[in-house]
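Numbered continuously in numbering that gives the first Met the number 0, the sequence shown closes out at residue 244.
All C-beta atoms in this analysis are idealised placements derived from N, C-alpha and C, irrespective of residue type, glycine included.
Down below is the structure, laid out as structure tokens.
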Amino acid sequence: MSVEDVLEKYKAGEVDLTEAIEKIQSNYFQDLGHTVVDHNREQRTGSGEVVFGSGKTAEQISDIISAMLDHGSNVLVTRIEADKYKALTGLPTFSTYDAATAMLSCVQTKIPPPETSIAIVSAGTSDMKVAEEAAITAEFFGNRVLRVYDVGVAGLHRLLARLDELRQARVLVVVAGMEGALPSVVGGLVDKPVIAVPTSVGYGAAFDGMAALLGMLTSCASGISVVNIDNGFGAGFLANSINRL
């Protein structure tokens, strides 16, 4: 129920003041006891709240999903392990779970896609989990996504063979581990924003992604921004924001 509807009902005497205040507040946030769900975030920022599944119980996640769906929102849950997903209750039939990325989406209202697209590029197959987190996030928000995987600098001809496609994208997410060189290469070949994602893939001196992170932060290619290690969600979310400008 919208704020306008609540005020009309209060004016008509159909609800008292206490009930009217409660209903108006519920349009902005909802206190579940363990979580205060931010129902107003989409109106403020253009994108609704996303649930971080790690550290939450299955019961808490079920409550949050139910509250968001009742409010008419689409729901995206990240980092929710398979055993926790199986313990969820009350999921709608249109729920989709991706075990590889540990992501759950419940889309009850399709978001019209912009005319432009997002390219998700990964250096190696080992980086695919993080790349897919970015891709699924971008698709959840209604974007068209081009996946270009396993085109790292060890075989640069693989990337060059897809260059015409990559140049059609509005923004590119480039995912790499090891030394993290791929975003710099891509950044020197396209005239679009590049979001670099370091992954924790690599041998000892890679320091669980720290080498890739520092390499991307010190890239000599212009127009590159960098998100946190293994943060495919953050990259996909930022790409959506850029693609809808």
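L158 and V150 have their alpha carbons spaced roughly 5 angstroms apart. If you draw a 10 Å sphere on the C-beta of H156, you find fewer than 16 other C-beta atoms in it, and that means exposed. Within a 10 Å sphere around the beta-carbon of C105 sit 16 or more other beta-carbons, which makes this residue buried.
Y84 is classed as buried because its beta carbon has at least 16 other beta carbons within 10 Å across all chains shown.
In this structure, the beta-carbon distance from N239 to T136 falls below 9 angstroms. Straight-line spacing of the CA atoms in F232 and G201 works out to 21 angstroms. Counting only runs of 3 or more residues that sit fully inside the segment 29–94, the beta strand (DSSP E) segments are 35–37 and 74–77, in chain order.
Residues of the same chain with a CB within less than 6 angstroms of the CB of V14, apart from the 5 flanking positions on each side, are K8 in chain order. In the DSSP assignment, R161 falls outside any beta strand (DSSP E) and carries neither an H nor an E. Here the segment 72–87 does not lie against the segment 122–129, with fewer than 3 beta-carbon pairs under 8 angstroms apart. Take I23, set aside five residues on each side of it, and the residues of its chain with a beta-carbon closer than 7 angstroms to its own are V2 and V5, in chain order. S116 is bridged by DSSP to R143. Non-local beta-carbon contacts of N230 in its own chain, meaning distances under 7 angstroms to residues more than five positions away in sequence, involve V196 in chain order.
No residue range can be given for P192, since it is assigned to no beta strand (DSSP E) and is classified by DSSP as neither H nor E. Ranked by how close their Cα comes to the Cα of V74, the residues F51, E80 and N227 have F51 in first place. By the CB criterion at 9 angstroms, A205 and A133 fall outside the cutoff. A direct Cα-Cα distance of roughly 7 angstroms separates A180 from A211.
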